[in-house]
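Following full-length UniProt numbering, the numbering of the sequence shown begins with 1 at its first residue and continues without gaps.
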Amino acid sequence: MGTVLLLPRCDRTVAADSSERVTPVIAEKFDVVEGLARKNTSQRQVPRPRRQAEPQTDGANPLPSAEAFAPTVPASLSADSDASLETVVNQQLVEHGLVDFFQHGISSQSWAAFDRLSEARSCYVGTSLSNLAFLVGQERSGDNSHLHYPIPQIHRIVPWKPEPKTSGLQLRQSLESDLGSFPAKDIRDALVEAFFTDIHPLFPVVDESEFRQSHTNKESPPPLLLFQAILLAGAHVCDHPKVAQSRALVKATLFRRAKTLWDLRFENDRITLVQAALLFSWHVENPDTVSANSYYWISVACGIAFGLGMHRNLTASTTAMPVFTRKLIRRIWWTLFQAAVFSALDHGRPLLIRRDDTDQPPLTEEDLVEFDGTKNQKICLQYSIHNSTLCEIVADLLDMFSPGALQRSGAPQHTSFIDARLASWLMLLPQGDDFSQLQLRLHYNAAVLHCHRTVSQHADASSLSSSQRICAGAAETILSIFGTMIQEGTVQRCYFTALTAIMASAIHFIRDLRLAAEHNSTLLALQSHAKLESCFPILKELACYWPTANAALKLFQHVLDRTKCTMNAHFDITETSTEPISLSDKEFATTDWEYIFSTLHTDAPLPDWSSLEARLAF
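What follows is the structure in structure tokens.
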């Protein structure tokens, strides 16, 4: 047998045979079965300290060292084609479910619009601040009285009892080898470097110095769950050819391994669990936003973090907790806070973290000190500070429009105080066009857009005009920011908040387009039409990394097609009017609008799943 790693959390001992021979079929395997069997007994022994202060200087290769994966079809994947098939099915459900919901679910008078009543699924659209709730309200002519709608099935159909070949349910014969498998060394190294280069500076949930030291130390390797989660997040941004050509399959494979380790409760360190849950939020598993994906995993991370007391200020505490652990906890906490606030804004759901429940002070330069005693200068401290401050404002905005607050006040409160804080935040924002600055401005404009489009639904004439101008400026700025990101090749670094922002912009342009059509303002309609279409290339670019962008693209194309029909109906009314028609009006009435729209609007191609056949050496 090849290298056998026994990694129970409290005693990461290693046993390897002297030959360390690895065959092309069994490569870089972790003995999960034996590890699980010894996990309970090892916990009764005196554990060695997890972190060893002495850096490794023997030049050891990253663990594990074997590189015997076939360059084409990996054994672990070829032996289980159901896994890749399930990935394809999930991707298709992600892309088409939203359009089906808008076509048939919103207007349905029956709860059994998609399935039998006993099997019907429901969709909660969230508070009025969310993208989905606002768009649904527009589809229903401003009617926001409904909170739930029927939605198509977003999971595969499963039997009542698991069958031997049911994908994802059986304990595969290859479970032992699958969970301890890693990509070939060059790909594995590329994934790790991509994570620490593109994600970690703005998402510092891992102690880089400690991970890199343990990564090259066979005697004290990193936690297996954390390692697999870092590979997963790295696959989101990695440009290695074999990763880029099958990114969805690569991420699905890595997530399956990491998630199975999670489900097996193989990791005992709760800090590692918080780290892994946050890293899982970089992956879209399926169309389910309730029991999977970002909001779910962030909520799991919050629950564990609260249990660990990560939300408390330990500055004056007499705790014996090591200083570098306290600093890591603070970096994790503030990253979690930012993710939790924007996830609540995105979905229109309750805040997972409320400021009154925490007394953690803002991050400082000293919090960048890592395990090796040096500051990690790659971490963007100013980004974390500014984004956390913005999230505090957004959290207050979410509180203002929460169901309880609206019930107590009877109507939405004025947002002048929120506006003043947003303005102060923007004026204090340093100038620059690096990715961190672009990301901050993206978040700011998304917050402004969410705030004022909601305000405009209840505003008087003067306030309405002001809010509409603010929304228009924010939506166009978001497009400009994405244009810069695409030009500089940094769009892959975007978190799910990028989808929140571009969807908010597209929804604003849809609203403008409908208003223009209702008032027969053709020039404004064409302008809004062009702005909406300018969102499509951005969504296509994001879809390379976030499959839900494809769902948004199909949805907006569907809405655009319907709006075109509405506009053509208005133009037909103009043609048959008995009012005198001037020369300009006559030319206007005979314009071939269908041709104009067909040249402006191009359908997005369906994803090319043929690349899945060229699988990665996993």
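We treat Cβ as the ideally placed atom computed from N, Cα and C, and that holds for glycine. This one's a predicted model, so the numbers in the text were calculated from it and none came from an experiment.
For residue i, name the three-state secondary structure that DSSP assigns.
i	result
Val-206	coil
Val-290	coil
Val-284	coil
Lys-375	strand
Trp-546	coil
Asp-356	helix
Ala-475	helix
Glu-579	Note that Glu-579 scores a pLDDT of 45, beneath 50, so its modelled location is shaky; the value from the coordinates is reported in the next line. DSSP places Glu-579 in coil when its eight states are reduced to three.
Arg-12	Caution is warranted here: a pLDDT of 44 is assigned to Arg-12, below 50, making its placement in the model unreliable, and the coordinate value is therefore given only provisionally. Of the three classes helix, strand and coil, the one that applies to Arg-12 here is coil, per DSSP.
Tyr-595	Residue placement at Tyr-595 is flagged as unreliable, the pLDDT there being 39, under the threshold of 50; the coordinate-derived value follows with that caveat. Correct three-state label for Tyr-595: helix.
Under the rule that 16 or more other beta-carbon atoms within 10 Å means buried, what is residue i, buried or exposed?
i	result
Met-427	exposed
residue 657	The requested residue 657 does not occur in the structure, where the chain is confined to residues 1 to 618.
residue 628	Residue 628 falls outside the range modelled here, since the chain spans only 1 to 618, and no answer is possible.
Gly-137	buried
Pro-183	buried
Ala-551	buried
Ser-465	exposed
Ser-214	buried
Met-400	buried
Pro-403	exposed
Ser-291	exposed
Phe-255	buried
Lys-378	exposed
Ala-504	buried
Arg-453	buried
Cys-494	buried
Met-321	exposed
Cys-565	exposed
Gly-410	exposed
Pro-221	buried
Glu-267	buried
Gln-407	exposed
Assuming residue i contacts residue j (C-beta within less than 8 Å), just tell me the rounded distance between them.
i	j	result
Arg-247	Cys-544	7 Å
Leu-328	Asp-178	At roughly 30 Å, the Cβ-Cβ gap does not stay under 8 Å, so Leu-328 and Asp-178 are not in contact.
Asn-313	Pro-361	6 Å
Val-205	Ile-332	5 Å
Thr-289	Leu-225	Their Cβ separation, rounded to whole angstroms, is 23 Å, which puts Thr-289 and Leu-225 out of contact at 8 Å.
Leu-352	Cys-302	5 Å
Phe-342	Thr-500	7 Å
Asp-198	Val-237	4 Å
Between which two residues does the alpha helix (DSSP H) holding residue i run?
i	result
Glu-392	381 to 400
Ala-184	No alpha helix (DSSP H) contains Ala-184, which DSSP labels as neither H nor E.
Ile-418	416 to 427
Met-310	Premise fails: Met-310 is in no alpha helix (DSSP H) and is neither H nor E.
Phe-266	First-last for Phe-266: undefined, no H or E at that position.
Arg-326	323 to 347
Asp-512	497 to 518
Phe-227	224 to 237
Arg-441	435 to 456
Val-243	241 to 244
Phe-196	First-last for Phe-196: undefined, no H or E at that position.
Ala-405	403 to 409
Gly-180	Here Gly-180 belongs to no alpha helix (DSSP H), and DSSP marks it neither H nor E.
Lys-531	522 to 533
Gln-138	131 to 139
For residue i, verify whether its CB is less than 6 Å away from any heavy atom of the ligand COA.
i	result
Ala-229	With respect to the ligand COA, the structure offers nothing, as it holds no ligand at all.
Original post:
Using 8 Å as the Cβ pair cut-off and three pairs as the minimum, do the segment 185 to 200 and the segment 337 to 351 touch?
Top reply: no
Subject >> Segment contact flag, the segment 238 to 245 with the segment 275 to 292, C-beta cutoff 8 Å, min 3 pairs >> reply: no
Original post:
Should the segment 382 to 392 be regarded as contacting the segment 434 to 454, the criterion being three or more beta carbon pairs within less than 8 Å?
Top reply: yes
**OP:** Report yes or no: do three or more beta-carbon pairs, one from the segment 281 to 300 and one from the segment 225 to 236, lie closer than 8 Å?
**Re:** Enough Cβ pairs lie closer than 8 Å, so yes.
Original post:
Any contact of the segment 524 to 538 with the segment 471 to 485, i.e. 3+ C-beta pairs under 8 Å?
Top reply: With the cut-off at 8 Å, the segment 524 to 538 and the segment 471 to 485 touch.
Original post:
For the 8 Å Cβ check, are there 3 or more pairs between the segment 552 to 564 and the segment 498 to 517?
Top reply: yes
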